[in-house]
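Novice: Counting in our numbering, the sequence shown runs from -3 upward without gaps.
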Amino acid sequence: MLAENIVSTSQPLACQAGLSMLRKGGNAIDAALATAITLTVVEPVNNGIGSDAFAIVFDGKKLNGLNASGKSPAAWTVDHFSKYKTMPLLGWDSVTIPGAVSAWVALSKKYGQLNFKDLFEPAIHFAENGFLVSPITAKLWNQLAIMYKKNRFPEFHETFLPTGKAPKPGELFKNPNQAATLKKIAETEGESFYCGELAKKIIDHANNTGGMITLEDLENHKATWENTITMEYKGLTLHELPPNGQGLAALIMLGILKNFDLSQYEPDSPQSIHLQIEAMKLAFSDAYRYISDQSHLEFDPSLMLSSNYLEERAKLINIKRAQQF
């Protein structure tokens, strides 16, 4: 089995979680979900239950895109954010509706072969019994311990800094509260998280700490299945999710580069790298300007993938110097 399957992540324990699903008779989706769920435990500094999720899945016939990103709380207004010079990166005003759990449910229902609860077994095991913290995770954990001040984020300190400091590399860390949360999600197939016991706890905490998220916000969240957007490049078809995902930027970049003959340069030459960087800068300038929720898009994003538009954007690149776009 191991010679025919690969699970690749930044954390060996998460890889083992994915492989354990394959040994149970699960498929690639089961393995990917168990891996992602386990990462919320063993790499909490990078992956969280409250995050978003995107997926592109090939079912043997076609590609299917899943957008499980969360919208803003309905109570957010432009006036509310007028007090900020830049968008906040910490606190409730940086938190949108969490979508990852809905992705786990949607992917499992559509493609999974194992019971939904099975996918949580490795993560719950590591949360209850502990895991050895990896060096990079320990470093990031310590940085967050400094960033999240105890007087502002006491719950973070209670959950992730129970000894008063971040765990060191190789230290055993247990998270029984997260284990309990994962059990509720597993037992209810995510229902508790969006309209049940966990949802009510989220809202109670928000109400007590200045958050504007409501139970209706959680109940109204839905992961959506979408068609991919594409770009042909050198005989290949590249697929990305449409906005609000940022994948459009990658396709714009490739479309711009189609207007240059990169084959005349060595792959790592200054000229080749310069063109790629400038094309990506142009692509991100479009992404920052136009990408938004689909209900608020100013126009069809496919227009930015038209050959005429991309040719005009390519003309802005100066082969001899870098520019700000």
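Just so you know, even glycine gets a beta-carbon here, dropped at the ideal spot from N, CA and C.
(1) Would S65 be called buried (16 or more neighbouring beta carbons within 10 Å of its own) or exposed?
(2) Can you have a look at Y190 and say buried or exposed, based on whether 16 or more other CB atoms are within 10 angstroms of its CB?
(3) For the alpha helix (DSSP H) that contains T155, what are its first and last residues?
(4) Need the endpoints of the alpha helix (DSSP H) that I142 sits in, please.
(5) Using the Cα positions of E212 and Q272, report the straight-line distance between them to the nearest angstrom.
(6) Excluding sequence positions up to five away, which residues of its chain have a Cβ less than 7 Å from the Cβ of P163?
(7) Strictly by DSSP, which residues pair up with G61?
(8) Report the rounded CA-to-CA distance for T5 versus A245, giving the unit in angstroms.
(9) Can you grab the Cα-Cα spacing for the pair L86 / T92, in whole Å?
(10) Can you have a look at F116 and say buried or exposed, based on whether 16 or more other CB atoms are within 10 angstroms of its CB?
(11) Count the other C-beta atoms from every protein chain shown that fall within 10 angstroms of the C-beta of D257, then say buried if there are 16 or more, exposed otherwise.
(12) For T31, which three-state DSSP category applies?
(13) Here's a check: name, in chain order, each residue in its chain whose Cβ is nearer than 7 Å to the Cβ of Q260, leaving out the five neighbours to either side.
Specialist: From the atom records:
(1) buried
(2) buried
(3) 150 to 156
(4) 131 to 143
(5) 44 Å
(6) V129, A134, W137, F169
(7) I52, E222
(8) 25 Å
(9) 12 Å
(10) buried
(11) exposed
(12) helix
(13) none
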